[in-house]
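Peer 1:
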Amino acid sequence: MVGLVRRSARAGIEDRWHRPPRRGERVPYPADDPSPGSWCMNSKHGTAGTQVTTARHGQGKRWMARWVDHGGNERSKAFDRKAEAQNHIGTVTTALTTGTYADPKRASVSFSVVAEEWFTVKAQNRSALNRLKPKTLVGYRRLLDVVVLPKWGQIKLKDIDHDAIQAWVWWLATDPAARQRPAKSTEDDTHGGLSAARVIQSFQVVDQVLTYAVRKHYIGVNPAEGVEQPRKASREDVALSHDQVRRLAEARAEIRAMVYVLAYGGMRYGELAATRVGDVDLTRRRIRVSRSVTYVTGDGHVEDDTKTHQDRIVPILTEFLADVLAEVIADRDPCEYLFPHHDGGPIPLDWFRWRFDKAADQVCLTGISPKTLRHTAGSLALGAGASVVTVQKLLGHRSPMTTMNVYSHMLPDDFDNLAKAMNQAARVAD
Numbered sequence: 477m478v479g480l481v482r483r484s485a486r487a488g489i490e491d492r493w494h495r496p497p498r499r500g501e502r503v504p505y506p507a508d509d510p511s512p513g514s515w516c517m518n519s520k521h522g523t524a525g526t527q528v529t530t531a532r533h534g535q536g537k538r539w540m541a542r543w544v545d546h547g548g549n550e551r552s553k554a555f556d557r558k559a560e561a562q563n564h565i566g567t568v569t570t571a572l573t574t575g576t577y578a579d580p581k582r583a584s585v586s587f588s589v590v591a592e593e594w595f596t597v598k599a600q601n602r603s604a605l606n607r608l609k610p611k612t613l614v615g616y617r618r619l620l621d622v623v624v625l626p627k628w629g630q631i632k633l634k635d636i637d638h639d640a641i642q643a644w645v646w647w648l649a650t651d652p653a654a655r656q657r658p659a660k661s662t663e664d665d666t667h668g669g670l671s672a673a674r675v676i677q678s679f680q681v682v683d684q685v686l687t688y689a690v691r692k693h694y695i696g697v698n699p700a701e702g703v704e705q706p707r708k709a710s711r712e713d714v715a716l717s718h719d720q721v722r723r724l725a726e727a728r729a730e731i732r733a734m735v736y737v738l739a740y741g742g743m744r745y746g747e748l749a750a751t752r753v754g755d756v757d758l759t760r761r762r763i764r765v766s767r768s769v770t771y772v773t774g775d776g777h778v779e780d781d782t783k784t785h786q787d788r789i790v791p792i793l794t795e796f797l798a799d800v801l802a803e804v805i806a807d808r809d810p811c812e813y814l815f816p817h818h819d820g821g822p823i824p825l826d827w828f829r830w831r832f833d834k835a836a837d838q839v840c841l842t843g844i845s846p847k848t849l850r851h852t853a854g855s856l857a858l859g860a861g862a863s864v865v866t867v868q869k870l871l872g873h874r875s876p877m878t879t880m881n882v883y884s885h886m887l888p889d890d891f892d893n894l895a896k897a898m899n900q901a902a903r904v905a906d
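Each step along the sequence shown adds one to the number in the numbering used here, with nothing skipped, and position 218 is 694.
1) In this structure, does DSSP put glycine 615 in helix, strand or coil?
2) If contacts are defined as beta-carbon pairs under 8 Å, then alanine 653 and leucine 670 qualify, I think. What distance do you get, rounded to the angstrom?
3) In the DSSP assignment, what residue or residues form a beta bridge with aspartate 491?
4) Taking C-beta to C-beta, are arginine 752 and glutamate 812 nearer than 8 Å?
5) If distances are taken between C-alpha atoms only, which option among Gly854, Ala487, Arg557 comes closest to alanine 715?
6) On the premise that alanine 672 lies in contact with alanine 835, defined as a C-beta separation below 8 Å, what is that separation, rounded to the nearest angstrom?
7) Give, in chain order, every unbroken run of the alpha helix (DSSP H) that is at least 4 residues long and sits entirely within the segment 846-890.
8) Evaluate glutamine 527 with the Cβ neighbour count: other Cβ atoms within 10 Å of its Cβ, from every protein chain shown; 16 or more gives buried, anything less gives exposed.
9) Identify whether tyrosine 771 lies in helix, strand or coil by the three-state DSSP scheme.
10) So glycine 696 packs on tyrosine 616, CB below 8 Å; how close in whole Å?
11) So what's phenylalanine 815 in DSSP terms, helix, strand or just coil?
12) Anyone know if the C-beta pair for arginine 542 and glutamate 550 falls short of 8 Å?
13) What is the DSSP secondary structure of alanine 836, reduced to helix, strand or coil?
14) Can you find the residues in the same chain that come closer than 8 Å, C-beta to C-beta, to valine 735, ignoring five residues on each side of it along the sequence?
15) Could you check whether arginine 744 and aspartate 755 sit closer than 8 Å to each other, using their CB atoms as the reference points?
16) Hey, would you say glycine 702 sits closer than 8 Å to histidine 638, going by beta carbons?
17) Is the beta carbon of serine 584 closer than 8 Å to that of lysine 634?
18) Beta-carbon separation of aspartate 491 and tryptophan 539 under 8 Å?
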């Protein structure tokens with residue numbers, strides 16, 4: 477059986493009204509035989525008596541641009557003028573060469589069709605590096621259904637342009653009508669649209685869908701590229717001192733050990749909730765972090781791997797913390813959760829958050845949340861002289877750059893320490 481030969485990508489134009497004479501062919505003049513196959517004597521079509529008419533002569537558009545795409549499929553488009561066909565072929569050839577070519581017919585599908593394809597790929601991806609958390613998938617689904625598809629769902633990909641996306645982004649950010657929940661009062665309407673974070677999330681979904689459309693050759697370029705987004709309000713994350721950690725932990729006995737582990741271990745709350753007794757090694761003073769618990773709407777609490785899909789080892793940095801953990805794990809089954817809920821499962825974040833807030837109020841600590849304890853771990857470690865790479869490993873960041881971006885501002889005394897060191901060095905030199 478002979479296999480199909482895949483045609484290579486190529487392009488060109490043809491004259492549908494005329495053809496060159498064949499070698500040895502006796503071509504009649506139209507006065508003798510006006511049927512197709514005679515000489516064309518219309519000077520508007522070129523030099524009279526040099527081209528042979530075809531059955532299409534004078535009918536429809538004269539010039540046909542033809543090309544073969546990267547998939548081996550022949551495509552075509554008719555034009556009235558040769559220059560138009562040549563320009564089109566030039567554009568197609570450039571697109572084929574640069575990899576930005578897309579079949580015009582595929583660009584006629586609606587945004588929703590490609591969005592559902594994109595979401596299905598995301599949901600079915602089982603790659604260890606690219607697999608999304610269930611909570612992330614639920615978030616994508618909600619953004620699609622509530623914010624993105626109501627606007628873009630029925631619009632054809634070819635009709636979506638940069639200006640339209642930019643206008644939509646600013647509408648989301650500034651118009652109270654963009655909020656899914658009605659304002660509680662007319663005064664609330666002055667606060668504009670969605671939060672900057674929500675607008676950015678919504679735009680990122682659109683951008684990812686359109687990037688997927690480019691990759692699958694629905695469209696040649698992503699119209700969302702270069703769209704300006706609102707900026708999140710910058711703020712410095714709060715970090716507690718050693719004394720503040722102690723006062724917070726001792727304020728409520730039921731969360732005492734959890735506060736100490738979070739503040740000195742730098743674990744995400746979901747990671748702490750998933751930690752088992754057997755993950756704690758008091759001999760080596762290490763805690764193995766390999767799982768995380770998150771709440772997923774419709775599914776409840778789901779245990780999965782960590783946010784970065786990587787295991788790590790967290791050191792037990794102080795003897796005091798080792799003593800606290802020794803009390804927690806004494807005579808317990810290694811398979812039990814380190815901090816179990818009353819039903820034996822992981823402790824929900826809202827259970828911890830309620831008690832955390834009460835403890836914070838009791839010791840007059842304002843503007844803090846459970847995440848503050850993770851920032852505290854990073855800040856205290858950096859302040860104690862740990863390198864950025866060491867803190868990156870402690871916190872489980874993907875790269876040291878993330879650690880620098882998040883925690884470098886938590887060292888306000890660095891300039892003072894530098895000044896002291898420089899002053900001392902200068903005195904020695906004198």
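We put the beta carbon where it would ideally sit given N, CA and C, even for glycine. The model shown is predicted, which means the values in this text are computed figures rather than measured ones.
Peer 2: So, from the listed chains and residues:
1) helix
2) About 11 Å; that fails the 8 Å criterion.
3) Trp539
4) yes
5) Gly854
6) The C-beta distance from alanine 835 to alanine 672 rounds to 31 Å, too long to meet the 8 Å contact threshold.
7) 846-859, 864-871, 876-883
8) buried
9) strand
10) Not quite, the Cβ-Cβ distance comes to about 25 Å (not below 8 Å), so this is no contact.
11) In the three-state reduction of the DSSP assignment, phenylalanine 815 falls in the coil class, being assigned neither a helical nor a strand state.
12) yes
13) helix
14) Val721, Leu724, Ala725, Phe832, Ala835, Leu849
15) no
16) Taking 8 Å as the Cβ cut-off, glycine 702 and histidine 638 qualify as a contacting pair.
17) yes
18) yes
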